[in-house]
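Undergrad: Sharing a structure with you now.
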Amino acid sequence: MDAPATAQRRATPEDRLRAGAQARTRVPPASHAELPTEERDPVGVLADQMPSRLPDLVPIRHARMSASAFAFYRGGAAIMAADLVRTPASGFTAQLCGDAHLVNFGMFASPERRLLFDINDFDETFPGPWEWDVKRLAASVVVAGRERSFSDKQVRRAVEATVRSYRDAMAWFAAMGNLEVWYARVDVAQLRQDVADKLGKRGGRRVDKAMARARRRDHRHMLAKLTEAADGGRRIVDAPPLVVRLSSLAPEVQADEIAATIESLVRHYAQSLQPGTRDLVNSYTFVDMARKVVGVGSVGTRCWIVLLQGRDGNDPLFLQVKEAQQSVLAAHLDPMTERHEGRRVVSGQRIMQAAGDVFLGYDRAVGLDGQTRDFYVRQLNDWKGSVDVEKMVPEGLRLYGRLCGWTLARAHARSGDRIGIAGYLGDDEEFVHAVADFATAYADLTARDFAAFGEAVARGGCRPPVPPSRRRAAPGP
Numbered sequence: 001m002d003a004p005a006t007a008q009r010r011a012t013p014e015d016r017l018r019a020g021a022q023a024r025t026r027v028p029p030a031s032h033a034e035l036p037t038e039e040r041d042p043v044g045v046l047a048d049q050m051p052s053r054l055p056d057l058v059p060i061r062h063a064r065m066s067a068s069a070f071a072f073y074r075g076g077a078a079i080m081a082a083d084l085v086r087t088p089a090s091g092f093t094a095q096l097c098g099d100a101h102l103v104n105f106g107m108f109a110s111p112e113r114r115l116l117f118d119i120n121d122f123d124e125t126f127p128g129p130w131e132w133d134v135k136r137l138a139a140s141v142v143v144a145g146r147e148r149s150f151s152d153k154q155v156r157r158a159v160e161a162t163v164r165s166y167r168d169a170m171a172w173f174a175a176m177g178n179l180e181v182w183y184a185r186v187d188v189a190q191l192r193q194d195v196a197d198k199l200g201k202r203g204g205r206r207v208d209k210a211m212a213r214a215r216r217r218d219h220r221h222m223l224a225k226l227t228e229a230a231d232g233g234r235r236i237v238d239a240p241p242l243v244v245r246l247s248s249l250a251p252e253v254q255a256d257e258i259a260a261t262i263e264s265l266v267r268h269y270a271q272s273l274q275p276g277t278r279d280l281v282n283s284y285t286f287v288d289m290a291r292k293v294v295g296v297g298s299v300g301t302r303c304w305i306v307l308l309q310g311r312d313g314n315d316p317l318f319l320q321v322k323e324a325q326q327s328v329l330a331a332h333l334d335p336m337t338e339r340h341e342g343r344r345v346v347s348g349q350r351i352m353q354a355a356g357d358v359f360l361g362y363d364r365a366v367g368l369d370g371q372t373r374d375f376y377v378r379q380l381n382d383w384k385g386s387v388d389v390e391k392m393v394p395e396g397l398r399l400y401g402r403l404c405g406w407t408l409a410r411a412h413a414r415s416g417d418r419i420g421i422a423g424y425l426g427d428d429e430e431f432v433h434a435v436a437d438f439a440t441a442y443a444d445l446t447a448r449d450f451a452a453f454g455e456a457v458a459r460g461g462c463r464p465p466v467p468p469s470r471r472r473a474a475p476g477p
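Counting from 1, position 311 in the sequence shown corresponds to residue 311 in the UniProt record's numbering; the numbering is continuous, with no gaps.
Shown next, in the form of structure tokens:
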């Protein structure tokens with residue numbers, strides 16, 4: 001039977017490859033070396049984020065971002081988003097991580113209890129130009145390499161290897177079927193052999209140690225690390241200012257109200273899970289909770305850790321309930337129809353990750369201040385591990401950059417037009433060299449921004465006045 005005359009012709013792989021090649025004419029790959037030259041105010045961008053943060057945590061954020069240029073870069077996703085919007089784009093889009101720097105990749109457990117490597121932070125995820133993620137990753141390689149005092153040649157090799165890996169991986173995915181792309185993943189056990197081949201026995205042993213550390217980081221490990229015996233059960237230990245129990249944050253009545261709100265949120269969030277996992281969450285009982293400071297750029301947003309108990313006291317489940325604010329990319333791109341920031345984070349993660357946390361979900365809660373806030377929920381730790389960038393040797397940075405480049409390409413291939421993007425990238429070095437030039441120039445810009453930030457913090461800047469009504473506000477959920 002003939003297809004209806006009104007049926008829209010589906011673009012063939014040849015059509016999509018041709019569209020990518022045509023985009024090269026409109027937006028030459030060499031143009032990606034361009035760095036915005038307009039006057040900018042990086043300190044002002046960071047200051048604009050402060051009103052939505054808890055005032056007592058702002059000094060911690062400043063301290064963490066002041067530790068190094070790389071730490072500043074990690075916390076400055078909003079600065080780079082405002083810069084990237086003024087750079088060329090090929091016209092192809094994908095679901096973006098939004099903050100694709102080296103430390104936002106790492107190991108975690110799949111539902112099948114395999115240790116995988118993937119992107120692991122999606123607070124800023126948003127649909128947009130795929131080049132933005134590539135450029136943020138590439139610039140992070142340069143900033144990290146300079147932090148380690150690597151030579152310019154060593155850094156250049158690492159950043160070019162990262163971008164080249166993205167290009168080659170996208171060409172590989174372009175030749176795959178849709179299901180093959182969807183099932184592609186990096187199994188750390190298989191990766192270990194590749195590292196040993198490239199870096200020798202010492203490299204293999206380092207991966208072995210990282211895998212062992214990750215596997216130890218489970219819920220029982222967290223129970224021993226974060227709690228103490230009390231009243232015949234367990235309670236989270238105060239470790240201010242990074243982990244603070246409710247009793248230390250608010251008067252008893254308010255603490256009870258906050259606890260009730262979060263307990264209700266955990267019960268209600270389960271509706272966003274698959275039926276089997278929903279029943280699993282509901283089989284646990286609420287025990288305790290505390291506020292926890294996490295990350296660098298996220299410091300100041302509301303984040304709670306919740307201890308749940310299953311069969312008995314030796315059957316814990318730790319959930320992280322984290323506030324989801326608007327993505328730093330949102331102000332610079334077409335608005336999404338999605339109006340729930342928690343659901344935006346969860347959807348982006350499910351699209352980009354090869355395998356996700358079965359407990360990943362979302363909900364919305366009204367705080368004691370009457371403000372409605374969106375949250376996403378996930379396991380606090382489940383075999384989570386990361387590479388210590390500050391201890392890398394030059395060859396290690398190059399290999400790690402290649403791994404991250406491949407992983408980012410696979411994530412983009414799941415939602416973007418992988419064939420069109422591959423056609424745009426081509427098989428030459430034009431895009432590789434251009435992005436490496438951009439990353440080098442952007443690392444120079446980051447060094448200047450970091451110095452300006454340090455001066456602002458030293459003189460008490462980078463923090464807008466806190467209205468009196470907020471100074472004594474309860475730390476609502």
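Where is the CB? At the ideal position from N, CA and C, for every residue including glycine.
1) If you draw a straight line from the C-alpha of Ala436 to the C-alpha of Arg398, how long is it?
2) Use the C-beta contact count for Asp197: other C-beta atoms within 10 angstroms, 16 or more gives buried, fewer gives exposed.
3) May I have the straight-line CA-CA distance separating Arg114 from Glu14, to the nearest angstrom?
4) By DSSP's criteria, Trp304 is part of a beta bridge. Which residues make up the other side?
5) Quick one: is Gly75 buried, meaning 16 or more other Cβ sit within 10 Å of its Cβ, or exposed?
6) Less than 7 Å separating the Cβ of Gln154 from some heavy atom of the ligand MG?
7) Quick check on Ser151: buried or exposed, where buried means 16 or more other Cβ atoms within 10 Å of its Cβ?
8) Is Arg448 helix, strand or coil by DSSP?
9) Between Val43, Leu380, Asn104 and Ala365, which has its C-alpha nearest Ala260's C-alpha?
10) Val287 and Leu307: beta carbons closer than 8 Å?
11) May I ask you to verify whether the stretch 402 to 409 touches the stretch 129 to 144, counting CB pairs closer than 8 Å and requiring at least 3?
12) Specify whether the stretch 13 to 28 and the stretch 416 to 430 touch according to this definition: at least 3 beta carbon pairs, one from each stretch, less than 8 Å apart.
13) Helix, strand or coil: how does DSSP classify Val27 here?
14) Helix or strand or just coil, what does DSSP make of Tyr424?
15) Under a three-way DSSP split, which group does Ala109 fall into?
16) Is Lys322 buried or exposed, if buried means 16 or more other CB atoms sit within 10 Å of its CB?
17) Let me check understanding here. Comparing Cα to Cα, which of Ile305, Thr87, Leu54 and Val58 lies closest to Glu38?
18) Between the C-alpha atoms of Met289 and Gln22, what's the straight-line distance to the nearest angstrom?
19) Checking 8 Å against the spacing of the C-beta atoms, do Arg267 and Pro477 come in under that value?
20) Tell me the rounded alpha-carbon separation between Arg344 and Gly356.
21) Quick one: complete alpha helix (DSSP H) runs, 4+ long, within the stretch 62 to 99?
22) Do Val432 and Arg164 have their C-beta atoms closer together than 8 Å?
23) Which whole-angstrom value describes the C-beta separation of Cys97 and Met352, a residue pair presumed to lie in contact below a C-beta threshold of 8 Å?
24) Among Met176, Asp312, Ser66 and Tyr400, which residue has its Cα nearest to the Cα of Ala413?
25) Taking 8 Å as the cut-off, decide whether the C-beta atoms of Thr125 and Ser327 are in contact.
26) Which term fits Trp383, buried or exposed, when burial requires 16 or more other beta carbons within 10 angstroms of its beta carbon?
TA: Once the coordinates are examined:
1) 13 Å
2) exposed
3) 37 Å
4) Arg291 and Val321, per the DSSP bridge assignment.
5) In this structure Gly75 is buried. Its beta-carbon is surrounded by 16 or more other beta-carbon atoms within 10 angstroms.
6) In terms of ligand content, the structure shown is empty, and the ligand MG therefore cannot be addressed.
7) exposed
8) Of the three classes helix, strand and coil, the one that applies to Arg448 here is helix, per DSSP.
9) Ala365
10) yes
11) yes
12) Yes, the stretch 13 to 28 is in contact with the stretch 416 to 430.
13) coil
14) helix
15) strand
16) buried
17) Thr87
18) 55 Å
19) The answer is no: Cβ separation not under 8 Å.
20) Looking at the two C-alpha atoms, the distance is approximately 15 Å.
21) 69 to 75 and 77 to 84
22) Contact: yes.
23) 7 Å
24) Met176
25) yes
26) buried
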